[in-house]
Ligand code: SF4
């Protein structure tokens, strides 16, 4: 369970249900009002050695950019979704390149607008589109704070077209197991040799937990038209990542 040291928040968040909920949930946590979640001066001025400490904060704001980026790997579009950054600290994470700018976990409370754009884009398209909603964060982790993944699946499952996909390095999958997502959600669980996870993927779920999560997802979550994808990442001096798709 992530217990933030401080909450940095934009004041508009209280105009959204999720914003109010999070402010209530963390009412005991010290709060600092900010102008813009993209530019927190106090964080920018900190030295890189403060990296781990900065990750103990939570930033809550309203997402202003909703631009979809075409993608030809795991989806048709990369979609800016409900969070960015992460509480973990994998040594190879591209977010590390931006120590003071966006490595910490930022939550965006205007989820209705983000999901609505996905649904409208999907319905307008002639082909069945897949949307990557986890390219900026880890939604299984985020769900432990916001319940956003449960909310997303509940509100997307009865749409006419489209699929959602996201990767994870976390094992807290219990809240989504009972959901009937109608085959519309594809989860990609990342695994690595135990030694690599222990030495490189700090703050993520350990291998045993991820394997158990895969087993639970396979039994309770996967639908006949669905797939479970294993991200097998071998991290040596250079990083290369192969994804194997195992149709069920
Ligand atoms: S879990 Fe993902 S987002 Fe978080 S630090 Fe590791 S690679 Fe980065």
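Residue numbers (our numbering): 48 to 295.
Even glycine gets a Cβ: it sits at the ideal position worked out from N, Cα and C.
Please read these numbers as outputs of a predicted model, since none were measured by experiment.
{"query": "In terms of residues, what are the limits of the beta strand (DSSP E) holding residue 236?", "result": "232-238"}
{"query": "Grab the span of the beta strand (DSSP E) containing residue 213 for me, first residue to last.", "result": "210-215"}
{"query": "Quick one: using the 10 Å Cβ neighbour count with 16 as the cut-off for buried, is residue 50 buried or exposed?", "result": "exposed"}
{"query": "Identify every residue that forms a DSSP beta bridge with residue 152.", "result": "105"}
{"query": "Can you tell me which of the three DSSP states residue 249 falls into?", "result": "strand"}
{"query": "Counting pairs of beta carbons, one from the stretch 207-221 and one from the stretch 87-105, are three or more of them closer than 8 Å?", "result": "no"}
{"query": "Relative to the alpha-carbon of residue 65, which residue among 172, 198 and 93 has its alpha-carbon at the smallest distance?", "result": "198"}
{"query": "Report buried or exposed for residue 231, applying the criterion of at least 16 other Cβ atoms within 10 angstroms of its Cβ.", "result": "buried"}
{"query": "With 16 other CB atoms within 10 Å as the buried threshold, where does residue 112 fall?", "result": "exposed"}
{"query": "Can you check which of these residues, 98, 106, 77 and 68, is closest to residue 85 by C-alpha distance?", "result": "106"}
{"query": "If contacts are defined as beta-carbon pairs under 8 Å, then residue 195 and residue 129 qualify, I think. What distance do you get, rounded to the angstrom?", "result": "5 Å"}
{"query": "Examine ligand 1 and report whether any of its heavy atoms sits within less than 7 Å of the Cβ of residue 251.", "result": "yes"}
{"query": "Check the DSSP bridge columns for residue 125 and list the partner residues they point to.", "result": "116 and 179"}
{"query": "Less than 8 Å between the beta carbons of residue 247 and residue 139, yes or no?", "result": "yes"}
{"query": "Buried or exposed, going by whether 16 or more other CB atoms sit within 10 Å of the CB of residue 123?", "result": "buried"}
{"query": "Can you name, in chain order, every residue of its own chain whose Cβ lies under 7 Å from the Cβ of residue 116, other than the five neighbours on each side?", "result": "124 and 125"}
{"query": "Run through DSSP, which three-state label would residue 133 get?", "result": "coil"}
{"query": "Grab me the residues of residue 131's own chain with a C-beta within less than 7 Å of its C-beta, minus the 5 sequence neighbours each way, in chain order.", "result": "149, 153, 183 and 184"}
{"query": "For the candidate residues 180, 203, 219 and 236, whose alpha-carbon lies nearest to that of residue 297?", "result": "It is not possible to answer for residue 297, since the shown part of the chain is limited to 48 through 295."}
{"query": "How big is the Cα-Cα spacing for residue 72 and residue 127?", "result": "25 Å"}
{"query": "For residue 184, which residues does DSSP report across the bridge?", "result": "132"}
{"query": "Given residue 284, which residues of its chain have a CB within under 8 Å of its CB, disregarding the five upstream and five downstream residues?", "result": "The predicted model places residue 284 with a pLDDT of 39, which falls under 50 and marks its position as unreliable; any figure quoted below should be read in that light. Around residue 284: no qualifying Cβ."}
{"query": "Using only the alpha-carbon positions, how far apart do residue 166 and residue 92 sit?", "result": "39 Å"}
{"query": "So the alpha helix (DSSP H) residue 78 belongs to, where does it begin and stop?", "result": "No alpha helix (DSSP H) contains residue 78, which is instead part of the beta strand (DSSP E) from 78-81."}
{"query": "Return the first residue and the last residue of the alpha helix (DSSP H) that residue 200 is part of.", "result": "195-203"}
{"query": "Pick helix, strand or coil for residue 269, following the three-state DSSP scheme.", "result": "coil"}
{"query": "If we count the other Cβ atoms within 10 Å of its Cβ and call it buried at 16 or more, is residue 253 buried or exposed?", "result": "exposed"}
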